[in-house]
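Numbering (our numbering), first residue to last: 6 to 393.
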């Protein structure tokens with residue numbers, strides 16, 4: 006869909022303002038039935054995006070529209086159940102999932118989708134409190150949830166669950182599946198910067214980087230899948246990229262992007278993982294994001310723009326540790342000069358491989374940032390192949 010932006014008018018704007026008014030984000034100076042995307046509406050949209058961990062641009066694109074649509078529902082306003090083939094989605098589902106996570110039930114990620122895992126967690130809760138374990142969250146289940154507090158103390162249960170799964174899987178990369186996602190592509194080139202007779206595009210640069218990363222991961226014994234090729238006709242939506250990674254049973258998902266800004270002084274690398282304003286986060290995704298960020302900064306000298314929690318579809322819908330890396334600003338002359346250098350992209354690829362390897366090391370056996378020699382990982386795999 007074309008983003009709805011300031012200055013637009015029509016029924017869609019009226020619907021947006023109605024939801025924002027219900028969330029108390031539009032002040033009394035605005036009428037909820039107006040169809041004008043004015044300055045008040047833009048501020049309310051930005052506040053909503055900020056609260057939901059979305060990109061704060063004041064426009065209502067497909068992702069913000071889905072989040073607004075989900076925000077119509079409050080927990081307890083409707084009965085929740087596992088619907089097939091189209092599961093129920095909404096803010097009420099996410100609130101329920103976060104509540105169950107706090108109580109120690111395994112719903113996986115709080116993705117706002119009432120799927121099989123959430124239904125099973127509800128049924129387990131119902132069984133333990135003496136209700137019919139039908140996996141449906143109706144009035145009786147809601148009353149039981151309101152009466153009870155946390156079951157797990159002394160740590161986040163989901164963090165403990167994810168960390169234990171990583172520990173039990175062992176330290177080696179051999180046999181793991183990593184999905185590498187070069188952002189944009191097809192009809193969407195991403196950030197585009199003309200530099201004299203040349204024209205640099207984000208889509209081309211991140212695909213080249215993804216190919217270099219694919220080679221180094223494969224040499225370390227990893228099964229690698231790219232989400233797109235170099236000359237794809239259409240841009241794959243983020244939702245489909247996430248579903249592809251899930252269908253492949255990936256162990257890790259890494260999305261590569263470049264950034265851009267009207268101010269050419271903006272520069273640096275930032276890494277994003279799944280997280281919400283309520284403190285719910287993917288523990289392993291957060292750790293991977295920190296490792297990727299530190300390895301890139303240490304090995305390249307790019308400005309450290311840190312790690313951030315976001316609820317983007319790409320991070321929310323993936324079931325494995327997932328990060329999105331903004332590897333520099335194409336609009337920055339300094340960052341661009343490095344990004345267009347193939348040797349620099351080699352260094353970036355090696356930094357990401359080192360971060361993925363470190364994620365599987367037990368914390369007590371972790372190594373200093375920048376100390377892993379990726380060529381040694383390849384030599385170990387080669388030696389193992391010869392022995393076999």
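Every residue, glycine too, gets a C-beta built ideally from N, C-alpha and C.
Since the structure is predicted, the reported quantities are computational estimates derived from the model, not experimental observations.
*asked:* Which same chain residues end up closer than 8 angstroms to residue 364 when comparing Cβ atoms and leaving out the 5 residues on each side of it in sequence?
replied: So the list reads 171, 257, 289, 292, 293, 296 and 326, once near-sequence residues are dropped.
*Assign residue 16 to buried or exposed, taking buried as 16 or more other Cβ atoms, counted over all protein chains shown, within 10 Å of its Cβ.*
Counting the other Cβ atoms within 10 Å of the Cβ of residue 16 gives fewer than 16, which makes it exposed.
*Using the rule of at least 16 other Cβ atoms within 10 Å of the residue's Cβ for burial, across every protein chain shown, is residue 89 buried or exposed?*
It counts as exposed.
*How big is the Cα-Cα spacing for residue 335 and residue 71?*
Taking the straight line from one Cα to the other gives about 29 angstroms.
*In angstroms, rounded to a whole number, what distance separates the CA positions of residue 195 and residue 57?*
About 23 angstroms.
*Take residue 122 and list the residues in its own chain whose beta-carbon comes closer than 8 angstroms to its own, dropping the five residues that flank it on each side.*
Excluding the 5 residues flanking it on each side, residue 122 has same chain C-beta neighbours closer than 8 angstroms at 111, 112 and 113, in chain order.
_Helix, strand or coil at residue 218 [DSSP, three-state]_ = Note: residue 218 maps to helix in three-state DSSP.
*Since residue 228 is in the beta strand (DSSP E), which residue starts that stretch and which ends it?*
Unbroken beta strand (DSSP E) run through residue 228: 228-231.
*For residue 137, which residues of its own chain have a beta-carbon under 8 angstroms away from its beta-carbon, when the five flanking residues on both sides are left out?*
Sequence-distant Cβ neighbours of residue 137 in its own chain, meaning closer than 8 angstroms and more than five residues away, are 131.
_Is the separation between the beta-carbon of residue 354 and that of residue 214 shorter than 8 angstroms?_
In contact: residue 354 and residue 214 (Cβ atoms closer than 8 angstroms).
*Residues of its chain near residue 191, where Cβ-Cβ distance is below 7 angstroms and the 5 sequence neighbours each way are ignored*: Excluding sequence neighbours, residue 191 sits near 237, 238, 239 and 240.
*asked:* Rounded to the nearest angstrom, what separates residue 343 and residue 274 at their Cα positions?
replied: Taking the straight line joining both Cα atoms gives about 12 angstroms.
_Tell me the DSSP secondary structure of residue 177 in three-state form._
The answer is coil: DSSP assigns residue 177 none of H, G, I, E or B.
*Beta-bridge pairing of residue 259 - partner residues as DSSP gives them*: Under the DSSP definition of a beta bridge, residue 259 partners with 185 and 328.
*Can you have a look at residue 382 and say buried or exposed, based on whether 16 or more other CB atoms are within 10 angstroms of its CB?*
Its Cβ being crowded by 16 or more others within 10 Å, residue 382 is buried.
*Apart from the five residues on each side of it in sequence, which residues of its chain come closer than 8 angstroms, Cβ to Cβ, to residue 366?*
The answer, listed in chain order, is 176 and 372.
_Just to confirm the assignment, what range does the beta strand (DSSP E) spanning residue 311 have?_
Run containing residue 311: 309-315, per the beta strand (DSSP E) assignment.
_From 97, 150 and 178, residue whose alpha carbon lies closest to that of residue 360_ = Among 97, 150 and 178, the Cα nearest to that of residue 360 is on 178.
*Tell me, please, which residues DSSP counts as bridged to residue 278.*
Beta-bridge pairing links residue 278 to 314.
*Does DSSP put residue 157 in a helix, in a strand, or in coil?*
Only weak support exists for where residue 157 lies, its pLDDT of 49 falling under 50; the value from the coordinates is given anyway. Secondary structure at residue 157: coil, using DSSP grouped into helix, strand and coil.
*Expressed to the nearest angstrom, what Euclidean distance is found between the alpha-carbon atoms of residue 115 and residue 285?*
Those two C-alpha atoms are separated by around 8 angstroms.
*asked:* Is the beta carbon of residue 59 closer than 8 angstroms to that of residue 65?
replied: Residue 59 is positioned such that its CB atom lies no closer than 8 angstroms to that of residue 65.
*asked:* Restricting to Cα atoms, I'd like to know which of 77, 218 and 63 is closest to residue 183.
replied: Closest option to residue 183, Cα to Cα, is 218.
*Output the distance between the C-alpha atoms of residue 105 and residue 306, rounded to the nearest integer angstrom.*
Computed Cα separation, rounded: 42 angstroms.
*asked:* So, for residue 1: in the same chain, excluding its five sequence neighbours on each side, which residues have a beta-carbon less than 8 angstroms away from its beta-carbon?
replied: The structure shown does not extend to residue 1, since the chain spans only 6 to 393, so no value can be given for it.
_Candidates 300, 320 and 318, of which the one nearest residue 311 by Cα_ = Nearest C-alpha to residue 311: 300.
_For a quick check, are the C-beta atoms of residue 141 and residue 85 less than 8 angstroms apart?_
Yes. Within cutoff.
*Under the assumption that residue 53 contacts residue 9 (Cβ atoms under 8 angstroms), give the Cβ distance between them as a whole number of angstroms.*
In fact, because the Cβ distance is near 13 angstroms, the residues do not count as touching under 8 angstroms.
*asked:* List, from N- to C-terminal side, the alpha helix (DSSP H) runs of 4 residues or more that fit wholly inside the stretch 37-82.
replied: Fully enclosed alpha helix (DSSP H) runs of 4 or longer: 44-57 and 67-75.
*Taking just the CA atoms, how far does residue 144 sit from residue 261?*
C-alpha separation (whole angstroms): 44 angstroms.
*asked:* Quick check: the Cα distance between residue 376 and residue 229, rounded to an integer number of angstroms?
replied: Approximately 24 angstroms, taken between the alpha carbons.
*Start-to-end residues for the beta strand (DSSP E) that takes in residue 203*: For residue 203, the enclosing beta strand (DSSP E) starts and ends at 203-206.
_Since residue 205 and residue 330 should fall inside the 8 angstroms C-beta cutoff, what is the C-beta to C-beta distance between them, to a whole number of angstroms?_
Contact flag wrong, Cβ pair sits at about 18 angstroms.
*Separation of residue 279 from residue 264, as counted between CA atoms*: C-alpha separation (whole angstroms): 19 angstroms.
_For residue 193, the residue or residues it bridges with in DSSP_ = Looking at the DSSP assignment, residue 193 forms a beta bridge with 190.
*Using a Cβ-Cβ cut-off of 7 angstroms (strictly less than) and excluding sequence neighbours within five positions of residue 246, which residues of its own chain qualify?*
The residues are 186, 232 and 319.
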